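Visitor:
Numbering (our numbering), first residue to last: 135 to 394.
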């Protein structure tokens, strides 16, 4: 039952090139940076990554992207990552853009065994009708476009409207960052880190968690567990230096008032 692993390097040692990964994080919050860097050091490539975004330039998943290790990304937006945008528009990486709530539910559905579901998000747009650029050619033309998805009309919540069928996401591995974990794999996430980390952990067939604090089984109360250990296979305790690596995505400042 003890799922602890000594280092991030050991935890990702069996991840091979060509694997698919569901990676937690929302912006720079809750990113499993130690596991990402361990993958970078191992040299694996041709990765398919499912994450809310693909990090920023020079940090998080952006480090794997800049090294050319990622083949395909399923995400809700390009975000602040200029290299991500460049690779997408130049045809170096394939990108499936998905509405944020739909992406969250696709991950959750994969974790609980629901193969597909209907949602109104994207119905009647390129999301359902197809034609969204998945990969560009070097000359800027569309090399690969999304296929149409099934639409069905339902009368629900007091109105009749079309819903688009979205398929669940299951990946080879899930990589997550938690504030606290126990040796059985039960995890508690801190604030915004709770957004996509539990979902990424559920979607992975084998899930690895890096944690800031490791406690003994029973110390986490049932109401404090955001992801049960049944979904988690390996737990890595971060060093204080790794835990402290928390950059701020944007800083807004104003001049101090002169004290009288």
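Glycine included, every Cβ here is placed at the ideal spot set by N, Cα and C.
Computed from a predicted model, the values in this text were never measured in an experiment.
Using 8 Å as the threshold, is the region 316 to 335 in touch with the region 344 to 355, meaning 3 or more CB pairs across them?
Guide: yes
Visitor: Below 7 Å CB to CB, which residues in the same chain sit around residue 142 once its five sequence neighbours on both sides are set aside?
Guide: Position 8 of the chain shown, counted from the first residue, corresponds to residue 142. For residue 142, where only same-chain residues beyond five positions count, the Cβ hits under 7 Å are 168, 169, 172, 344, 370.
Visitor: Among the candidates 351, 219, 144, 139, whose CA atom is the shortest distance from the CA of residue 269?
Guide: The residue you call residue 269 lines up with position 135 of the chain shown. Per the Cα distances, 219.
Visitor: Measuring only the C-alpha atoms, how far is residue 176 from residue 316?
Guide: Within the chain shown, residue 176 is the residue found at index 42, counting from 1. Within the chain shown, residue 316 is the residue found at index 182, counting from 1. Cα to Cα, residue 176 sits roughly 27 Å from residue 316.
Visitor: Can you tell me whether residue 284 is buried or exposed? The criterion is at least 16 other CB atoms within 10 Å of its CB, across all chains shown.
Guide: What you label residue 284 is simply residue 150 of the chain shown in a count that begins at 1. It is exposed - the Cβ of residue 284 has fewer than 16 other Cβ atoms within 10 Å.
Visitor: Identify whether residue 218 lies in helix, strand or coil by the three-state DSSP scheme.
Guide: Against the chain shown, residue 218 aligns to sequence position 84. Here residue 218 sits in helix by DSSP.
Visitor: Examine the Cβ distances between the region 157 to 164 and the region 193 to 208 and report whether three or more of them are shorter than 8 Å.
Guide: Counting C-beta pairs closer than 8 Å gives three or more between the region 157 to 164 and the region 193 to 208, which meets the contact rule.
Visitor: So, is residue 335 buried or exposed, given that buried needs 16 or more other C-beta atoms within 10 angstroms?
Guide: For the purposes of this step, residue 335 is taken as the residue at position 201 of the chain shown. The residue in question, residue 335, is buried, as its Cβ has 16 or more Cβ neighbours within 10 Å.
Visitor: Which two residues bound the contiguous beta strand (DSSP E) that contains residue 183?
Guide: By one-based count along the chain shown, residue 183 stands at place 49. Note, residue 183: beta strand (DSSP E), 181 to 184.
Visitor: Taking a contact to mean a Cβ-Cβ separation below 9 Å, would you say residue 312 touches residue 360 in this structure?
Guide: Here residue 312 corresponds to residue number 178 of the chain shown, with the count starting at 1. Here residue 360 corresponds to residue number 226 of the chain shown, with the count starting at 1. A contact, by the Cβ cut-off of 9 Å.
Visitor: Would the region 200 to 209 count as touching the region 293 to 301 if we require 3 or more Cβ pairs under 8 Å?
Guide: no
Visitor: Given that a residue counts as buried once 16 or more other Cβ atoms are within 10 Å of its Cβ, and exposed if not, what is residue 148?
Guide: Counting from one through the chain shown, the residue named residue 148 turns up at place 14. Label assigned to residue 148: exposed.
Visitor: In three-state DSSP terms, what is residue 270?
Guide: Your numbering for residue 270 matches position 136 in the chain shown. It is a strand residue.
Visitor: Just list the beta strand (DSSP E) runs in the region 280 to 331, keeping only unbroken ones of 3 residues or longer that don't cross its boundaries, in chain order.
Guide: 285 to 290, 293 to 301, 305 to 316
Visitor: Leaving aside the five residues before and after residue 137 along the sequence, list all residues of the same chain whose C-beta is less than 8 Å from its C-beta, in chain order.
Guide: One-based indexing of the chain shown puts residue 137 at position 3. Here the set comprises 317, 318, 319, 363, 366, 367, 368, 369.
Visitor: Cutting at 6 Å between CB atoms, please list the residues of its own chain near residue 249, excluding the five before and the five after it.
Guide: Mapped onto the chain shown, residue 249 falls at position 115. Answer for residue 249: 302, listed in chain order.
Visitor: Could you give the first and the last residue of the continuous beta strand (DSSP E) run that contains residue 250?
Guide: On the chain shown, position 116 is the one that residue 250 refers to. 250 to 253 is the extent of the beta strand (DSSP E) around residue 250.
Visitor: Looking at the structure shown, is residue 261 part of a helix, part of a strand, or coil, going by DSSP?
Guide: Taking the first residue of the chain shown as 1, we reach residue 261 at position 127. DSSP places residue 261 in helix when its eight states are reduced to three.
Visitor: What did DSSP end up calling residue 370 once you bin it into helix, strand or coil?
Guide: The count along the chain shown starts at 1 and reaches residue 370 at position 236. Residue 370: strand per DSSP, three-state reduction.
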